[in-house]
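The sequence shown maps to residues 5 to 140 in my numbering. Everything on this sheet refers to the single structure shown next.
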Amino acid sequence: MAKKYLALDVGERRIGVALANSDVKIAVPGDYITVDGTEFDVIRGILAHESIDVLVVGYPRNQQGEPTAQTQYVENFVSKLGKVESKIVFQDESLTSVKAESILAAQKRPYAKGEIDSMAASVILQDYLETQHGRL
Numbered sequence: 005m006a007k008k009y010l011a012l013d014v015g016e017r018r019i020g021v022a023l024a025n026s027d028v029k030i031a032v033p034g035d036y037i038t039v040d041g042t043e044f045d046v047i048r049g050i051l052a053h054e055s056i057d058v059l060v061v062g063y064p065r066n067q068q069g070e071p072t073a074q075t076q077y078v079e080n081f082v083s084k085l086g087k088v089e090s091k092i093v094f095q096d097e098s099l100t101s102v103k104a105e106s107i108l109a110a111q112k113r114p115y116a117k118g119e120i121d122s123m124a125a126s127v128i129l130q131d132y133l134e135t136q137h138g139r140l
């Protein structure tokens, strides 16, 4: 049976979302979540509704690979999410927003900041899938 994956690019205003399964192994950006107090319920709802096996959370570090204030924010966020049925893993998110903007710019159409966040989540998830299953 295929495993289902959900990736989050956690920010203070928005959370990018992406989905994939182990059969296809291609991360697809989803809608972003606005940080407004309902984000934990929304994420728990997605985890349950989509029967997610693995929750992949982008893990920020500086260019030297050291933790930052944003790293602590993400760790606190995951702690507040509480106990969930899905396995939670962290994935390095270095330069994912830069890659995401590049991908969106190549589409030669206007895009919203939330789209950058969800595309960044898809880059995080694709990186995780390639780490786990080899280069695709």
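Using N, Cα and C, we set each Cβ at its ideal position, and we do this for glycine too.
Among the options, which one has its Cα closest to the Cα of residue i?
i: Gln95; options: Ile120, Pro64 and Ile50; result: Pro64
i: Lys29; options: Ala125, Val78, Lys8 and Glu70; result: Lys8
i: Arg18; options: Asp131, Val46 and Ser106; result: Val46
i: Asp13; options: Tyr115, Ser90, Ala110 and Val82; result: Val82
i: Glu143; options: Ala109, Ile50, Glu16 and Ala124; result: Residue 143 lies beyond the stretch modelled for the chain, which goes from 5 to 140, so this question has no answer here.
i: Leu133; options: Ile37, Gln74 and Val58; result: Val58
i: Gly69; options: Glu89, Glu97 and Lys87; result: Glu97
i: Ser4; options: Thr100, Ala110 and Pro114; result: The requested residue 4 is not part of the displayed model; the chain covers only 5 to 140.
i: Ile50; options: Ala124, Val88 and Ser26; result: Val88
i: Asn25; options: Gly118, Met5 and Ile107; result: Met5
i: Val32; options: Thr75, Gly41, Lys112 and Ile120; result: Ile120
i: Ile92; options: Ala125, Val60 and Asp131; result: Val60
Using DSSP's beta-bridge definition, name the partner residues of residue i.
i: Arg18; result: Thr38
i: Gly62; result: Gln95
i: Val32; result: Leu23
i: Leu12; result: Val21 and Val61
Which residue comes first and which comes last in the alpha helix (DSSP H) that contains residue i?
i: Gly118; result: Lys117 to His137
i: Val82; result: Ala73 to Leu85
i: Val46; result: Glu43 to His53
Over the uninterrupted beta strand (DSSP E) stretch that includes residue i, give me the two end residues.
i: Asp96; result: Lys91 to Asp96
Return the Cβ separation of residue i and residue j in integer angstroms, given the expectation that the two are a contact with Cβ distance under 8 Å.
i: Ala22; j: Gly34; result: 6 Å
i: Glu54; j: Leu85; result: The pair is not a contact, with the Cβ atoms about 15 Å apart (cut-off 8 Å).
i: Gly20; j: Tyr36; result: 5 Å
i: Ser90; j: Ile56; result: 5 Å
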